[in-house]
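Accompanying notes for the structure given below.
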Amino acid sequence: MALIMVTGAATGLGLDTAAALAEEGHDVVVHVRNRSRLADAGGTERWKGVVTGDLAVLDEMRDAARQAAAFGRFDAVVHNAGTMRQGEAGEVNTVAPYVLTALMDKPARLIYLSSGMHRGGSTDLRRLSAGTASYSDSKLWVTAFALAIASRWPGTSAHAVDPGWVPTRMGGPGAPDDLTAGSRTQMWLATSGDVTPPTGGYWYHQRVQQPHPAARDASFQAQLLESLERHTGIPLG
94 MALIMVTGAA
104 TGLGLDTAAA
114 LAEEGHDVVV
124 HVRNRSRLAD
134 AGGTERWKGV
144 VTGDLAVLDE
154 MRDAARQAAA
164 FGRFDAVVHN
174 AGTMRQGEAG
184 EVNTVAPYVL
194 TALMDKPARL
204 IYLSSGMHRG
214 GSTDLRRLSA
224 GTASYSDSKL
234 WVTAFALAIA
244 SRWPGTSAHA
254 VDPGWVPTRM
264 GGPGAPDDLT
274 AGSRTQMWLA
284 TSGDVTPPTG
294 GYWYHQRVQQ
304 PHPAARDASF
314 QAQLLESLER
324 HTGIPLG
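Under this note's numbering, the letters of the sequence shown match residues 94 to 330, in that order.
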């Protein structure tokens with residue numbers, strides 16, 4: 094069985110992913126914004142452990158990474174936490190996955206939550222430092238980051254996942270996609286021994302899709318990594 098961390102696991106896709114992995118017998122560490130959110134996640138009994146931190150705040154991102162380090166090296170980390178809130182989307186959806194990835198021991202597998210809306214994102218990285226990134230921008234950037242990790246870290250598989258427009262608190266009750274299907278790909282990528290391609294995929298319901306061309310552009314990936322290091326003061330390593 095694997096040791097797996099899921100961020101943003103208080104509700105929605107994150108909770109569904111974490112719960113399903115725990116039901117399969119895996120040791121699951123959940124991240125929630127604060128301890129009060131644990132009630133939404135069903136308390137602490139079924140989890141290997143809990144990490145807390147507001148992923149819109151750099152110091153709390155750093156602290157979340159320190160908490161996670163207490164559990165040792167993870168087999169997989171699912172970077173699920175996300176927001177559509179203007180002013181926080183860039184930090185939560187892109188910067189926090191970067192910081193946690195940079196500061197934690199390299200796991201065997203990394204899964205980053207993207208969105209079909211990433212195709213409407215901008216490559217203007219000035220929006221990162223200005224705090225004006227849209228949700229679509231942030232999802233393009235985290236997709237590019239996932240694929241950059243795939244090409245730079247041999248021994249660690251990295252993938253981006255579009256879970257679909259699902260009826261979560263963020264997606265809204267009228268979202269047309271299936272919530273269960275929305276978490277299945279993350280679980281599969283975190284645990285399966287038969288994934289093709291083994292790294293660098295952009296997935297929708299266990300099928301490889303073509304992301305925005307910038308996500309695979311080596312020049313844009315390099316610019317993004319430079320911007321993230323400059324923004325956080327943390328090198329990727």
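Using N, Cα and C, we set each Cβ at its ideal position, and we do this for glycine too.
Can you pull the DSSP bridge partners for residue i?
| i | result |
| --- | --- |
| D120 | L96 |
| L203 | V170 and A251 |
| G142 | V122 |
| V301 | W296 |
As a quick exercise: from the options, pick the residue whose alpha carbon is nearest that of residue i.
| i | options | result |
| --- | --- | --- |
| H305 | S229, L329 and R245 | S229 |
| V235 | A243, E153, M197 and Y191 | Y191 |
| V171 | P247, I242, M154 and G107 | G107 |
| Q279 | L196, I242, Q316 and A174 | A174 |
| G275 | I97, M98, A111 and M94 | A111 |
| A40 | G293, S250, Y295 and G286 | Residue numbering for the chain in the displayed model covers 94 to 330; residue 40 lies beyond these limits and cannot be assessed. |
| Y297 | M154, R277 and Q160 | R277 |
| R139 | V122, D217, D310 and V254 | V122 |
| I204 | V288, R323 and R159 | V288 |
| L317 | S285, S222 and F167 | S222 |
| L329 | A239, Q303 and A308 | A239 |
| A310 | P290, T176, T216 and S129 | Per the sequence presented here, residue 310 reads as Asp, with Ala not at that position. Nearest C-alpha to D310: T216. |
| H324 | A157, D156 and L218 | L218 |
| D162 | A307, D198, T284 and T176 | Before going on, a small fix: residue 162 reads as Ala here, not Asp. Closest option to A162, Cα to Cα, is D198. |
| V254 | G286, P247, G105 and Q303 | Q303 |
| T290 | T284, V301 and A283 | For the sequence presented, residue 290 should be read as Pro rather than Thr. Among T284, V301 and A283, the Cα nearest to that of P290 is on V301. |
Kindly say whether residue i, judged by its beta-carbon, lies nearer than 8 Å to any beta-carbon of chain B.
| i | result |
| --- | --- |
| Y205 | Considering every chain present, this structure includes no chain B. It has just one protein chain. |
Excluding five sequence neighbours on each side, which residues of the same chain lie with their C-beta closer than 7 Å to the C-beta of residue i?
| i | result |
| --- | --- |
| G180 | G224 |
| K232 | N186, S207, S208, M210, H211 and G214 |
| I327 | V192, A195 and L196 |
| D168 | A95, L96, I97, P200, A201 and R202 |
So, for residue i: in the same chain, excluding its five sequence neighbours on each side, which residues have a beta-carbon less than 8 Å away from its beta-carbon?
| i | result |
| --- | --- |
| R220 | G183, A226, S227 and D230 |
| L131 | A103, V125, T137 and V143 |
| Q299 | R277, T278 and W281 |
| F164 | L96, M98, V122, K141 and G142 |
| Q160 | V144, T145 and G146 |
By Cβ distance below 6 Å, which residues in the same chain neighbour residue i in space, the five residues on each side in sequence not counted?
| i | result |
| --- | --- |
| Q314 | A237 and A241 |
| D120 | L96 and K141 |
| N127 | T145 |
| V99 | G107, T110, A111, V123, V171 and N173 |
| Q243 | The sequence shown places Ala at residue 243, not Gln. A251, T292 and G293, listed in sequence order. |
| M94 | G118 and H119 |
| A157 | V144 and G146 |
| E319 | none |
Original post:
If you pair each beta-carbon of the region 180-190 with each one of the region 107-119, do three or more pairs fall below 8 Å?
Top reply: Put simply, the region 180-190 does not touch the region 107-119. Fewer than three CB pairs are less than 8 Å apart.
Original post:
Are there three or more Cβ pairs, one per stretch, closer than 8 Å when the region 146-162 is compared with the region 241-261?
Top reply: Verdict: no, contact absent.
**OP:** At 3 residues or longer, and completely inside the region 176-250: list those beta strand (DSSP E) runs for me, N to C.
**Re:** As far as the region 176-250 is concerned, its whole beta strand (DSSP E) runs of at least 3 residues are 202-206.
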